[in-house]
Amino acid sequence: MEKHRVLPDVTVMSDHAEIPGIGFLPVNTFVIHAEQPVVVDTGLSTPDKDFVAELAEVIDPADVRWVWITHPDRDHTGGLWQLLEAAPQAKLVTTFLGVGIMSCEWAVPLDRVHLLNPGQRLDVGDRTLTGYRPPLFDNPATVGLQDDKTGALLSSDCFGGPMGSPQQAMCADVREVSAEDRRAAQLLWAAIDSPWVLGVDRPTYAATVDSFRRLDPSAILSTHLPPAIGLNGPMFDALDEAPSAPSWVGPDQEALEALLASFEPVG
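Numbering (the UniProt record's numbering), first residue to last: 1 to 267.
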């Protein structure tokens with residue numbers, strides 16, 4: 001993982017997942033260095049990952065007081081249970097539905113859960129975090145947040161886009177990618193991750209985007225895009241365009257068989 005202190009109180013821990021035929025998807029987690037430190041999401045669930053060890057390079061895991069899971073997909077919960085063990089005073093911030101989804105796989109310790117719905121606030125000592133459901137999402141339990149001290153908007157999957165290389169996926173500033181490549185990546189990701197947006201009622205969707213735009217974030221920190229600071233205009237323009245993005249259909253069995261046939265035999 002790469003670690004970037006993108007704001008005085010916010011560290012981005014950047015990883016990526018390669019998606020064949022699509023690109024390198026950033027997978028970010030975040031540390032808000034509040035009076036009561038907050039970790040937002042806990043990374044990929046693959047066996048080679050050790051999220052707590054990576055986190056220890058940024059903050060002592062035992063100091064963490066809140067673990068905010070923006071939604072319980074496996075690219076957001078990889079280090080969750082190890083972190084809760086390493087941070088015995090930490091509470092798990094999620095929704096009722098989030099608990100239900102996680103309970104299908106794990107025994108969620110309800111005495112350590114803090115339920116928070118969109119529009120509700122969490123006091124973490126020196127600042128308040130307000131929960132928001134972003135305009136684009138792939139899980140009904142999604143709740144992103146805005147930090148009222150820094151103005152940073154942590155938007156979960158919304159605004160995401162696959163990058164052309166691991167280095168781009170884990171960079172500290174999305175402006176290292178050309179504006180056109182970023183826009184194309186975001187529209188592709190919208191069609192892949194939130195395909196329902198292609199058939200949404202346009203005025204209703206536009207009103208949702210406008211309400212999000214009015215938050216006027218100082219930084220847009222997506223789980224699946226490098227940090228975006230000073231780019232609110234083009235970032236929200238990409239959201240506006242999402243209902244008009246080309247639809248996306250993944251490879252079929254014929255394509256899979258062609259791919260397997262291209263592999264060289266082992267041994």
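Every residue, glycine too, gets a C-beta built ideally from N, C-alpha and C. Note that this is a predicted model, so its numbers are computed, not measured.
In this structure, 225 is the residue among 257, 225 and 188 with its C-alpha nearest to the C-alpha of residue 28. The beta strand (DSSP E) runs lying completely inside the segment 124–155 and spanning 3 residues or more are 128–132, 144–147 and 152–154, given in chain order. Note: residue 13 is bridge-paired with 3 and 29 in the DSSP secondary-structure output. In this structure, DSSP gives residue 163 an extended state, which the three-state scheme calls strand.
Counting along the chain, residue 80 sits inside the alpha helix (DSSP H) bounded by residues 80–86. Counted as a single uninterrupted DSSP element, the alpha helix (DSSP H) harbouring residue 189 occupies residues 179–193. Per the coordinates, the alpha-carbon of residue 89 lies some 13 Å from the alpha-carbon of residue 39. Taking a contact as a CB-CB distance under 8 Å, the pair residue 234 and residue 183 counts as one, their CB atoms being some 7 Å apart.
Distances from the CA of residue 188 to each of 144, 121, 24 and 16 were compared; the closest alpha carbon is that of 24.
Between residue 206 and residue 247, the gap from beta carbon to beta carbon reaches 8 Å or more. Along the segment 43–103, the beta strand (DSSP E) occurs as fully enclosed runs of 3 or more residues at 66–68 and 91–94, listed in sequence order.
The count of Cβ pairs closer than 8 Å, one atom from the segment 126–145 and one from the segment 174–183, stays below three, leaving the stretches out of contact.
DSSP places residue 121 in the strand class (E or B) of the three-state scheme. Between the alpha carbons of residue 37 and residue 208 lies a gap of roughly 30 Å. DSSP places residue 221 inside the beta strand (DSSP E), whose first and last residues are 219–221.
With 16 or more other CB atoms across the displayed protein chains lying within 10 angstroms of its CB, residue 71 is buried. With respect to the 8 Å criterion, residue 202 and residue 243 are classified as neighbours on the basis of their beta carbons.
A buried status is given to residue 76, since no fewer than 16 other beta-carbon atoms sit within 10 Å of its beta-carbon. Rounded to the nearest angstrom, the gap between the Cα atoms of residue 45 and residue 91 is 20 Å. The C-alpha of residue 74 lies about 12 Å from the C-alpha of residue 138.
By the CB criterion at 8 Å, residue 223 and residue 165 fall outside the cutoff. For residue 22, no pairing in a beta bridge is given by DSSP. Per DSSP, the continuous beta strand (DSSP E) segment holding residue 39 begins and ends at 38–40.
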